[in-house]
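Residues 6 to 1211 (the working numbering) make up the sequence shown, in order. By construction, the Cβ of each residue, glycine as well, lies at the ideal position given by its N, Cα and C atoms.
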Amino acid sequence: MGGIVNTADIGYDEVIAMSGMALLQRRTLISLQDRRFEPAVIASSKRLTHALVDSRLAGRLLVNIAQFRQSATFRLSDDGAHVKYLSSLMDNSHQILVQYLDLLRANLDPAEFDRLVPSISQLMAEFGLDASFAFSIGRESLAAHIFSKPTTAPKQISQSAPDAEGDVSMGDDATATESAPDTTKPETPAPEAPGEAHVTAATSFDALNPIVESLRSTTPESAWQKISIEFFAIFWALQLGDLGVPWAPYHAQQARLQEQYRQVTKDRKLLQAQRSAKQKELKDTMDTFIKESTQQSERVAKAKVLITKRMDTWFMGEPLKPNGVSDAILGQCLLPRIILSKIDSEYSFALIKYIHELSCPNFRLMALYDRLFKANRLRGMLFTCTVQEGVYLGHFFHLILRELNKWHKSSADYEKEAIGKSKRSGGYLGFATAFDEEGHPTSHLDHAEFQDVLYGWHKNINLALKACLSGTEWTHIRNAISFLTEAHEDFPAITFMGTQLQNQLKTIVAREKNLRGDLWLTAQRVLGNMAKMEKTWIAPQAFRTNLSTQSAAQGNEDEQASSSGGSLRATAPEFRPSPWLLELSKLTGKLFKRYRELDATPILRYVHDQLLHGNSTDLIILSELVDAMGGIVNTADIGYDEVIAMSGMALLQRRTLISLQDRRFEPAVIASAKRLTHALVDSRLAGRLLVNIAQFRQSATFRLSDDGAHVKYLSSLMDNSHQILVQYLDLLRANLDPAEFDRLVPSISQLMAEFGLDASFAFSIGRESLAAHIFSKPTTAPKQISQPAPDAEGDVSMGDDATATEPAPDTTKPETPAPEAPGEAHVTAATSFDALNPIVESLRSTTPESAWQKISIEFFAIFWALQLGDLGVPWAPYHAQQARLQEQYRQVTKDRKLLQAQRSAKQKELKDTMDTFIKESTQQSERVAKAKVLITKRMDTWFMGEPLKPNGVSDAILGQCLLPRIILSKIDSEYSFALIKYIHELSCPNFRLMALYDRLFKANRLRGMLFTCTVQEGVYLGHFFHLILRELNKWHKSSADYEKEAIGKSKRSGGYLGFATAFDEEGHPTSHLDHAEFQDVLYGWHKNINLALKACLSGTEWTHIRNAISFLTEAHEDFPAVTFMGTQLQSQLKTIVAREKNLRGDLWLTAQRVLGNMAKMEKTWIAPQAFRTNLSTQSAAQANEDEQASSSGGSLRATAPEFRPS
């Protein structure tokens, strides 16, 4: 009834013509067999439209179709969600949406359409549509408001009965002898008056203000850290016809009409009146085209004024750090739009090219392309596109590659269009490599360097396409073929890449001939297209004109790897979820965060059910829900300063988390987190899901058969499940009252006895609850810091006033806790330990007595119960926060722009926050004092044995306490080191630090740890050794530090036990290892570490190499310290770099980095003779033997004396 044609597969010429205005669009649609302008169809479409309007379905149906298209992937169960059917469902629903929207636009007045259909702001805020669909529906209405003079076609072209060609009939006569008019040049728009450009831009942007305000109120601030809301709104508001007039189709239409005019003039069969009428009709149509193109020229001029007047604040960042801006543009703008239609992909390319030519501040075209051409990103796009979206994606890359290949062939074009060499400001920013203080480029990538960069981009595309074509998944193959169909004229351009892709396509043709006919047919077609372009392909040496010998060798290696069937390598240290699942999970998180009416319970039940069946893949859904709705940041890789700060109390932790981009304190996130938590509690999943995740993490290594248990996959499985456990636990702790948490989650005793969890996981879950019972006065932050709406820095707003002249208070020194009354320490220790009694009794009843022959259950419970903040107050971050607040106080005091009341309020707020920090640090000081009382009052019975036979105790501490805990997190490794140092300084009976380290530094033990750690555990293990080696090396350099901290020389009892060599009858030390002897012992420990690392690096097993590199990355400042050890490790790492360059990219990259780190420390390495100051002749000879063995590649020996069967 509407005669609307399907425009999904139109050609390039039609795409460009459709960017014109009404008459040009009409002619183009008629050429595409569109029937909407036929009289009979006009009548039937009016009837259909009236039926929609009268039944009040016009707008509702449009919105519902859009919502269905957006959520199509969630409409089917897993059983019915065949990927081919899903692709078809999404493409068909999208096409129906476009057709139905065209019907309404063609048959409703603009005012009537706006009355029936919600605005863009409403579509996004109230109906939950993404910008892609909301702007597609409302863009024409918005354009009428943006541009001050709506560009509608003259009345005569909207008559209900045009001729078959779409021409407009006029009634006036014209003389038969009039020549064809010259109408190829349009009228020039009148120049704008002074200041009119500014008024136009301001007036145009007023139409966008409601959208901008709506976005600002419904999206988190973090979404606009790299791009502004204004750019987002303008990007989605404009369309291809706003950036340029399609002169080619306009001129083609004019030429056609002029030819018709000449034919009519020559036709002597026509009567004079007929000839005059025809000529007049043709002339008026040509005039209409001229007026239309002129109107569009004015519209383009206004759009460009709108862009140029607003672009200075679009992108936030620095010219030399453009990746964040580029990722935001891709993720929020380009990638969602280019897959809507070919005209949208044309528009996206035209806009980024235009803002590149404008040198828009902080926008770098090379950086954008570099992020776009990442092999993993492109592979992810190809994996997740529908068939039609794959075509549009390929068209977008075709446009980019066509221009890049043009620049590749011509240095003149590159200098003119990419660099902007003739520009006075120094050229365009896009390919600049250096900038002056004002941000103007001072140098650019030269043409030969650009060719090298382009080669890398081509190589990435090749890797991504090979990854898609190498499997059997229908979507991957189909989208790779669609990509090549669209881009085959521009890619491949290098012979070996084209040959490899042809080989893969031929394999597909042979395999699919009698199986999947659509793949067979499309692969055949693209092979034919590639065969036509094969003569244009060139060798890598011809593509990169300045190819060096080394680079040429690399090019040959690339070609050999390609010809041998190499495919995309995962450069990350772990396997990740499928891109489609990752994207769907992110979308799920965003949807449930945004729409309060959505209930997350079904999703949570699904994840829980999958976990019960041993499927951890869908835990990514939970992770994204926690991330989006709870704002919980991943703290796995935080730095040393953040680790220390996180050992503080509530306010310091809040400030630290905010600095790490954690969003849990944002008002919008607090609300969504509460909804998620309520869904978990109401469905009775909160505690069950937590326990099940912990059980899965503990048993992850046993979940796969030996055939499927690839070591890299296992490492990823364990690390990912552990991180999800930490995130989910943080969510519950942040959103449940302690009493509610304890009601929903089993106690530590239950977790170990009834649910079979190890102490590491049971105490991680219940430690906060246990701490509230251990410490008699729970140290919670004052009420004011728990308000749901703190500012961006986590500051707490106070309402009291303070005088403007008050100096910044001195708050660097905390209050001193009141001394305990006589006997109070004993009472505190007894009260504190009462909380541990249930755990102790549970362990005693569920474990064999033999487990506690060397260490007591009490020590085990206390070790796992305490945490880093219980052993010391992190004064450095507290003082840093105080200094920052004092500086803010001074700035507020000096700020004369503030009113007196404002200044007083700000000062009072800052002073109260400083007071809060003082109270918090004082509370933590009291907690630390109580923890140390608990330790000192109970430690006499912790370890069983004799001072001179400490190995059993050391092995028990390592096996049952230290090694399981140090691999949980960096803060746990910091705690473990702090505790053993503290009990060393307390001279805990039967605990010898030297013996513990001697057992820890055994080469075979260390090698075993490195062999069995996951990637993340290897990092934490390296961090623990870094802490130990840093202190040992400090003692090595200074005999005074060694005597003070290792021996405790000033102690009345004879010093510490840690490095004692003899004892009296009461167990007090009578002699210690002197400094020179300690240096000898430390040399042996370094030697053992070196042997273990060499054993890991000498093989080809991924886990061994990766964990050895992680160890060196964390400890490189402290190890190696002896020259020959460092040289040997460097040699092994260089071998790995050379071997893995084209095989395992993650090993190659991390080995490169650690080599760079070691090179910086190389000047600090010393010879064995300098490391051991009292080296005897015999020992010197032994050192030389060690060095020779190392240089000859000696490795860990299985016959080492400590490697003995029990």
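Work out the CA separation of residue j and residue i for me, nearest whole Å.
i	j	result
Glu420	Arg369	16 Å
Glu218	Leu128	14 Å
Leu967	Arg521	57 Å
Ala257	Thr391	35 Å
Leu624	Leu596	17 Å
Phe401	Arg144	21 Å
Ser1044	Ser765	38 Å
Asp1212	Leu34	It is not possible to answer for residue 1212, since the shown part of the chain is limited to 6 through 1211.
Tyr374	Ala306	28 Å
Leu121	Ser50	17 Å
Asp14	Glu491	12 Å
Gly7	Gln337	34 Å
Pro879	Val648	10 Å
Phe1083	His1041	8 Å
Ser553	Tyr460	Because the pLDDT at Ser553 is just 49, under 50, the model does not fix this residue reliably, and the value given afterwards should be weighed accordingly. About 14 Å.
Glu1050	Thr1140	41 Å
Gly957	Lys859	6 Å
Pro446	Gln546	30 Å
Is the beta carbon of residue i sitting closer than 7 Å to the one on residue j?
i	j	result
Leu695	Val631	no
Asp3	His403	No information on residue 3 is available, as it lies outside the stretch 6 to 1211 that the chain covers here.
Leu749	Ala691	yes
Arg74	Leu102	yes
Phe388	Pro584	yes
Ile1110	Leu1152	yes
Ala71	Met95	no
Gln1119	Gly1027	Checking the displayed sequence, the identity of residue 1119 turns out to be Glu instead of Gln. Yes, the Cβ-Cβ distance between Glu1119 and Gly1027 is below 7 Å.
Glu351	Leu245	yes
Gly444	Tyr433	no
Ile344	Leu287	no
Met757	Ala744	no
Taking residue i as part of the alpha helix (DSSP H), name the residues at either end of that continuous run.
i	result
Ala228	No alpha helix (DSSP H) holds Ala228; DSSP gives it neither H nor E.
Pro545	Pro545 to Phe548
Ser688	That residue, Ser688, is in no alpha helix (DSSP H); it is neither H nor E in DSSP.
Thr918	Gln905 to Arg943
Phe597	Pro584 to Arg599
Thr852	Careful: Thr852 lies outside any alpha helix (DSSP H) and carries neither H nor E.
Phe768	Ala764 to Ile779
Ala27	Ala27 to Ser36
Ala71	Ala63 to Gln75
Thr622	Here Thr622 belongs to no alpha helix (DSSP H), and DSSP marks it neither H nor E.
His884	Trp880 to Lys899
Ala650	Tyr645 to Ala650
Ala739	Val716 to Asn740
Name the two residues that bound the continuous beta strand (DSSP E) containing residue i.
i	result
Ala439	Ala437 to Phe440
His1077	Pro1074 to His1077
Ala1172	Taken as a continuous stretch (DSSP letters only), Ala1172 belongs to no beta strand (DSSP E), as it is neither H nor E.
Pro446	Pro446 to His449
Does the region 1075-1082 come within contact of the region 1007-1020, defined as at least 3 CB pairs closer than 8 Å?
no
Stretch-stretch touch, CB-based, cutoff 8 Å, three pairs: the region 939-959 with the region 862-876
yes
Closer than 8 Å is the cut-off here; do at least three beta carbon pairs connect the region 377-390 with the region 433-447?
no
Is it the case that the region 348-365 contacts the region 314-327, given that we only count it when at least three CB pairs across the two stretches are under 8 Å?
yes
Would you check if the region 647-654 and the region 925-933 touch, i.e. whether three or more CB-CB distances between them fall below 8 Å?
Yes: the two stretches touch, three or more of their Cβ pairs being nearer than 8 Å.
Any chance you could list the alpha helix (DSSP H) runs of at least 4 consecutive residues sitting entirely within the region 974-1021, in chain order?
975-990, 998-1005 and 1008-1017
Assess, as a yes-or-no matter, whether the region 632-639 is touched by the region 654-672 under the definition of 3 or more beta carbon pairs within less than 8 Å.
Under the Cβ criterion (8 Å, minimum of three pairs), the region 654-672 counts as touching the region 632-639.
Quick one: any contact between the region 916-927 and the region 960-977, if contact means 3 or more CB pairs under 8 Å?
no
Cβ pair count under 8 Å reaching 3, the region 879-889 against the region 901-916
no
Stretch-stretch touch, CB-based, cutoff 8 Å, three pairs: the region 248-263 with the region 220-236:
no
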